[in-house]
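Read the structure below first, then the notes.
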Amino acid sequence: YVADLATSADYEVVVIDPREEIAAVFRVDDVRFERGMPDDVIVGMGIDHRTAIVALTHDPKLDDMALLEALKSPAFYVGALGSRVTTAKRKERLALFDLSPQEIERLHGPVGLHIGAKTPPEIAISIMAEITAAKYRVAP
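This note's numbering puts the first residue of the sequence shown at 962, with every later residue one more than the last.
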């Protein structure tokens, strides 16, 4: 849902996932799929200040290393799906690497604006609303 909403908002969307079972079924119009380790792909993408990065897998093996690279980049938005407890644990894990406290605090999590979203489409709307607010530097 996030990819669909992002493309409708004129973002160029790249979904990165190394899992064969995801690659076999992922089909979203106008979205590029990269099968690889997210951190490796992010390093090679040329991230700039117009880039938003969102980790959505719920798998620390995939998300944490990607977030590590994303937080070192100039991306205007870096977020990850997960509860407040999950986000706190993730920040503790990221602190074990060569990130400054300021870089770690850039992580948006739980990702999305707090609008009471329950369903995947509603959560996607909240995520895109937060990204849009960050893009235009508007405090949510």
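Just so you know, even glycine gets a beta-carbon here, dropped at the ideal spot from N, CA and C.
Asked                                                                                                            : Found
Simplified DSSP assignment, three categories, for R1067                                                          : coil
L1057, buried or exposed, once every other Cβ within 10 Å from all chains shown has been counted against 16      : exposed
Three-state secondary structure (DSSP) of E995                                                                   : strand
Close-in-space but distant-in-sequence residues of the same chain around A984 (CB under 6 Å, 5 per side omitted) : R996
Classification of Y972 by the beta-carbon crowding that lies within 10 angstroms, buried from 16 upward          : buried
DSSP three-state assignment for G1043, whether helix, strand or coil                                             : coil
Start and end residues, beta strand (DSSP E) containing I1008                                                    : No beta strand (DSSP E) holds I1008; DSSP gives it neither H nor E.
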